[in-house]
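Numbering of the sequence shown is given in full-length UniProt numbering, commencing with residue 1 and proceeding in unit increments.
Taking it in order: structure first as structure tokens, then the write-up.
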Amino acid sequence: MTVKTKSPSSAIHNESSDQIIVKGARVHNLKNVTVSFPRNKLIVVTGVSGSGKSSLTIDTLFAEGQRRYAESLSAYARQFMARMAKPDVDYIKGLCPAIAIEQKVITRTPRSTVGSMTEIYDYLRLLYARTGKTVSPISGNIVKKDDVTDVVAAIRSLKDGTKTVIIVPFRLHAKRDLREELNILMQKGFSRVYQFSNSDERELLRIEDLLELSDKELKKTLLPASETKVFVLIDRIVTKDFDEDDIHRLSDSVNTAFYEGEGEMFVEADGKLMHYSNRFELDGIQFEEPVPNLFSFNNPFGACPTCEGFSQVLGIDADLVIPDRRLSVYDGAVAPWKGEKLGWWREQFVKEASKTKFPVHKAIADLTKEQYNQLWNGIGGALGIHDFFKEVEQNLYKVQYRVLLSRYRGRTTCTDCGGYRLRKEALYVKVGGCHIGELCEWQVRDLKRWFDELSLSAHDQQVAKRIMLEIHQRLQTLIDVGLGYLTLNRLANSLSGGESQRIQLTRSLGSNLTNSLYILDEPSIGLHSRDTEKLIGVLKSLRDLGNTVVVVEHDELMMREADHIIDMGPLASHLGGEVVAEGDYDTLVANPESLTGKYLSGKLKIEVPKHTRKSKRQITVEDARQNNLQNLTVSFPLDVLCVVSGVSGSGKTTLVKQVLYPALQKMRGEFADKVGAHKAITGDIDHISQIEMVDQNPIGKSSRSNPVTYIKAYDHIRDLFAKQPLSKMRGFQPKHFSFNVDGGRCDTCKGEGEQIVEMQFLADVHLTCESCGGKRFKDEVLEVQYKGKSVHDILDMSVDDAVAFFSDDKAIRQAIQPLQDVGLGYVKLGQSSDTLSGGEAQRVKLASFLGKGKGLGHILFIFDEPTTGLHFHDIRKLLASFNALIDQGHSLIVIEHNTDVIKSADWLIELGPDAGDAGGTLVYSGVPAGLKKVKDSYTAAFL
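Structure below.
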């Protein structure tokens, strides 16, 4: 039911209880949109890229929900919050508390992990603090501390009539002699000391009598031979059926004994001496009592003191010491063991190690773990790499040794905590035989299995009941959203946007909110079609809790399962911003106005190419074993469109972004991140002149950054305006037409077009600049015109309009044309880059390369999920751009799940078969058509 079908007043009157009504939304490109969202339903908002989906959902619905929450707080609290602007909308009725889960990787800190983001780690800390058993690393026994109730219970369990004495060791305190010590004991009310030797002789001595002895006799009595022990008597009791008064007296005596004995006391009964301690110690070690902060690596109390909870320290980087693992020790694999002087280390190792049958001629990559450790630690008479660096450190007063050491330093796993991030006391605490660090190293699905099988004592079960419920629920949700392959210690900043978003979803589901509005921005990004089905199940369970779930999405599967669909369009930017169709899936397919409906019905589709290109050149990655890759050897053909596919977590990103990309950069002498473990990269590497990673990071952080400056077309436009007759008369140069430097730009707003007025408790107010009227330039500069248009008018044009306007200026037209080719014809030339989506930013980068043409040599382009945020209609344009790049002589490697892109590939590499440790192998390599015959492939079922 839509608001449009009734008069607004009647619609509001009848529907406000079960609808969220947006009236007159004008944010960004929305054209006075009035639309209703049915409550407690799963709603998909779709449409071509740039049609206004995010403007309607995030910038209008969510922004208003957030603003209303902020307005409910006191003025004092509001000053600490990000100040929120009111969205440009007439009104929103029926809005409930709003939660937006966006694609952004929400954290960049190296302290944040999957465990801390999902809050599972917080519950684990609580579980270990409340039910964990501290195990001594020396004897392997459980460390226990006794309290008053333990001692009282032990005494009450003795046979009736048993004579029992409570005693504590007699101690001489600092700066006191024996007489002084005894006098103080007398003052405290103690009257006897208890002395017995190993021959079971007991003797009670009165303190008064002892004080009458001479110093020599006193010393002989109280500081006797080693086999005799002296105690202070605290109390004597004969066990019986104790009444309440007796128990109070007994408890007081035990309490006094613990105090006087400084945490240690003894009970003697039937000739047996029972030791009790309320100190948490065993085997001569004082242990820390488990508290939640002991298990926190973000807290100075729990963090490893060496790495401060980061898990890595600056040390000797093995990848720098052994850069080429194909070489053997004999062939010079150890980089520092070279030259006339330092070559001695290699010679002595080869000579001595060969006596122990160490394989000095075997490639480092082929050594066993034990042999690799022998190379580092030494074997027999041979000195290893660690010995070498010890000697270097001893000579650091010489400059050449300092330079040598700096060459091989890098981030390595902390040796103290072994990468667990916690101090060693925290790792002594175990639940089910495992410490908390071990649990964080397991994949979520293995951890869930472990918790399912975990058996606790009745008492611990009672304590941990609520904690276990929360842990089980969150682990299950992670598995349901297709993230069962992650580990809890995986760094948050190493996650993809889609993974990060689904982790936030897990946290939201764990909070069990009801009657809320959830807005998700493309949650299926980075998800294989197999996992999208699980995700839909999770979203439906969120809806069934009584929430309204709004999803911005292009996925066909998601649309089929939605209760309601809103299709924005008809096209993008100023050609969009309207509601084209709404209703269920069948209504959308039947609507002739809906571009989405035409693709869903099959009237429009992306055709599979009739021919696939053949490649004569290739690059091969040998024995890649980073993360979950299982000694994978795979070849990437050049000069074609090569797609890398596989379920989420199968190892695609690891192979391409952590092994291939940085390794090629290093081989070309460029700066690169740490290269993932592999044996070698071979093939036609010389054929590549440049490597470009085209990701979805913003194209510029400044509000003045825009598409036309990024693709370098604005330089031509400025030159054109500087050549106009009026410019020459006034002495204007190209710099006068730039809003980045002083000269022609407005002095008041510095070329921003607006002025920001900071408000103390309210959102900043953005006002159009009074001096230039938002046109960014001085009046005398705007008087210079080309074909009746000023430089401001040109920047305000869409790409499509600009291509037509500059039809007779070849240089400018060719510079702008690529933006139109990649489907960004709707974007304004001067549109601020911070208003572009991730997918749009990626396509601007693609356009910049298309515009440079063939003069760049042979570039290898790597695209990571380029269809993010793309409608079927835009994917067709994207594929055309890919083909244009290949026609210019470049090569493309694309990580992608989208079946239209997979079908259009010249060569397909599928990893899997599953995620995590069940993946990391090569399932298929060949033309896409051949995948259908592969039984192990999950992708084949969706092609």
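Note that CB positions come from ideal geometry on N, CA and C, so glycine has one too.
{"Item": "Unbroken alpha helix (DSSP H) run spanning residue 947, endpoints", "Value": "The structure shown does not extend to residue 947, since the chain is modelled only from 1 through 943, so no value can be given for it."}
{"Item": "Start-to-end residues for the beta strand (DSSP E) that takes in residue 956", "Value": "Not covered by the structure: residue 956. The range shown for the chain is 1 to 943."}
{"Item": "Distance, G50 Cα to E64 Cα", "Value": "21 Å"}
{"Item": "Under 8 Å between C-beta atoms of H435 and F451", "Value": "no"}
{"Item": "Q400 to T413 span [Cα, whole Å]", "Value": "26 Å"}
{"Item": "Residue closest to G838, alpha-carbon to alpha-carbon, out of N299, T868, D914", "Value": "T868"}
{"Item": "For A464, the first and last residue of its enclosing beta strand (DSSP E)", "Value": "Here A464 belongs to no beta strand (DSSP E); instead the alpha helix (DSSP H) covers 458-480."}
{"Item": "The stretch 170-189 in contact with the stretch 205-224 per 3-pair CB rule at 8 Å", "Value": "yes"}
{"Item": "Endpoints, alpha helix (DSSP H) assigned at P38", "Value": "Unbroken run through P38 is the beta strand (DSSP E), 33-38; no alpha helix (DSSP H)."}
{"Item": "Cutoff 7 Å; reference D917; Cβ partners in own chain excluding five residues on either side", "Value": "Q443, N628"}
{"Item": "Three CB pairs or more closer than 8 Å across the stretch 603-618 and the stretch 653-662", "Value": "no"}
{"Item": "CB contact flag (V481, T514, <8 Å)", "Value": "no"}
{"Item": "N-terminal and C-terminal residue of the alpha helix (DSSP H) that P662 is part of", "Value": "661-667"}
{"Item": "Option nearest P336 by Cα separation, candidates G823, L404, I364", "Value": "L404"}
{"Item": "Continuous beta strand (DSSP E) assignments of at least 3 residues falling wholly in the stretch 358-394", "Value": "none"}
{"Item": "Pairwise C-alpha distance: K540 and E533", "Value": "11 Å"}
{"Item": "Closest residue to D864 among D874, K877, L846, D567 (Cα-Cα distance)", "Value": "L846"}
{"Item": "Span separating the alpha-carbon of F297 from that of R876", "Value": "48 Å"}
{"Item": "Beta-carbon proximity check, Y826 vs F721, cutoff 8 Å", "Value": "no"}
{"Item": "Alpha helix (DSSP H) runs wholly inside the stretch 794-828, at least 4 long, in chain order", "Value": "799-805, 810-821"}
{"Item": "Exposed unless 16 or more other CB atoms sit within 10 angstroms - verdict on Q696", "Value": "buried"}
{"Item": "Beta-carbon proximity list for S848, same chain, < 7 Å, skipping 5 on both sides", "Value": "Y710, I711"}
{"Item": "Rounded Cβ spacing between N40 and N547 (contact assumed at less than 8 Å)", "Value": "7 Å"}
{"Item": "Same chain, Cβ closer than 7 Å to S648, five either side skipped, listed in chain order", "Value": "G482, G526, L527, H528, D531, A915"}
{"Item": "Nonlocal neighbours in the same chain, by C-beta distance under 6 Å from C417, ignoring five residues either side", "Value": "C304"}
{"Item": "Nearest to P110 (by Cα), restricted to the options N493, A572, T57", "Value": "N493"}
{"Item": "Burial state of G302, where buried means 16 or more other Cβ atoms lie within 10 Å", "Value": "buried"}
{"Item": "The stretch 344-362 in contact with the stretch 325-332 per 3-pair CB rule at 8 Å", "Value": "yes"}
{"Item": "F872 burial status per 10 Å Cβ neighbour count (16 or more: buried)", "Value": "buried"}
{"Item": "I282 versus N293, F295, E264, L294, residue with shortest Cα-Cα distance", "Value": "Looking at the sequence shown, residue 282 is not Ile but Leu. Checked all of N293, F295, E264, L294; the closest Cα to L282 is E264."}
{"Item": "Assigned exposure category for D887 - 16 Cβ within 10 Å defines buried", "Value": "exposed"}
{"Item": "Three-pair Cβ contact test at 8 Å for the stretch 696-706 versus the stretch 807-818", "Value": "no"}
{"Item": "Inter-stretch contact at 8 Å, needing at least 3 Cβ pairs: the stretch 266-278 / the stretch 143-157", "Value": "yes"}
{"Item": "Contacts around T921, its chain only, beta-carbon distance under 8 Å, and the 5 residues preceding and following it disregarded", "Value": "Q630, L632, L911, G912, P913"}
{"Item": "Local Cβ density within 10 Å of P592, reported as buried at 16 or more and exposed below that", "Value": "exposed"}
{"Item": "Proximity to M568 [Cα-Cα], best of E260, G583, L557", "Value": "G583"}
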